[in-house]
Amino acid sequence: MSETVRVLLSEEEVDRRIREMGEKISRDYDGRQVHLICVLKGGVFFTCELAKRISVPVSLDFMSVSSYGNDTKSSGVVKIVKDLDESIENKDVLVVEDIIDSGRTLSYLLENLRRRNPASLKLCTLLDKPERRVTEVEVDYTGFEIPDEFVVGYGLDYSQKYRNLPYIGVIELS
Numbered sequence: 002m003s004e005t006v007r008v009l010l011s012e013e014e015v016d017r018r019i020r021e022m023g024e025k026i027s028r029d030y031d032g033r034q035v036h037l038i039c040v041l042k043g044g045v046f047f048t049c050e051l052a053k054r055i056s057v058p059v060s061l062d063f064m065s066v067s068s069y070g071n072d073t074k075s076s077g078v079v080k081i082v083k084d085l086d087e088s089i090e091n092k093d094v095l096v097v098e099d100i101i102d103s104g105r106t107l108s109y110l111l112e113n114l115r116r117r118n119p120a121s122l123k124l125c126t127l128l129d130k131p132e133r134r135v136t137e138v139e140v141d142y143t144g145f146e147i148p149d150e151f152v153v154g155y156g157l158d159y160s161q162k163y164r165n166l167p168y169i170g171v172i173e174l175s
């Protein structure tokens, strides 16, 4: 089986949108510090680019979560693989994710973080697939709504490949 990648969102489109998101987040958090929580692994590319475009003070931490089940279907059980290094109590927290599809993992993660008493908790994603939603999550900042296609690049992978593409592409298997 061979793979090809079709460009869905160019590097320039992604860069422009991240700049716009950084400006909006900077306005919304004016006078405050925002604590970014990057959801690993895919979120790291987006988080770094977004952080560079936020003009208010930024602090950063990382989480990694895993859904159990087979390769094609999540069981809906979520496990925290890497937890935060610092408390988020009384911090203005912005969770940064690469893509939201079913919403199960993010719903669990946000509920877990709410119990840690942040001053505020918002969600930012580069890509959103609302037609795949099984569990509703409120997304405060969305880069792009995309169709239900398997995408790679900008941190998103297919079998650990293509994360480093500077654009968002659709993987096509033949």
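Residue numbers (our numbering): 2 to 175. Yeah, the Cβ is synthetic: ideal placement off N, Cα and C, and Gly gets one too.
query, result
"N91 to R33 span [Cα, whole Å]", "12 Å"
"Straight-line gap, I147 to S88 (C-alpha atoms, nearest Å)", "34 Å"
"Length at least 3, wholly inside the stretch 127-168: the beta strand (DSSP E) runs in chain order", "142-146"
"Inter-residue Cα distance where the pair is L10 and Y109", "29 Å"
"Validate contact between the stretch 108-125 and the stretch 153-168 using beta carbons, cut 8 Å, 3 pairs", "no"
"CA-to-CA distance, D129 to Y18, given in whole angstroms", "First, the residue type needs correcting, since residue 18 is Arg and not Tyr in the sequence shown. Distance between the alpha carbons of R18 and D129 is about 14 Å."
"When V94, V171, V138 are compared against S103, the one with the closest alpha-carbon", "V138"
"8 Å Cβ shell around M2 - same chain, five flanking residues per side excluded", "L174, S175"
"Alpha-carbon to alpha-carbon, N113 and S75", "Confidence is the limiting factor: at S75 the pLDDT is only 49, short of 50, which leaves the residue's position unreliable, though a coordinate-based value still follows. Spanning the two alpha carbons is a distance of roughly 19 Å."
"Limits of the unbroken alpha helix (DSSP H) element including I26", "12-29"
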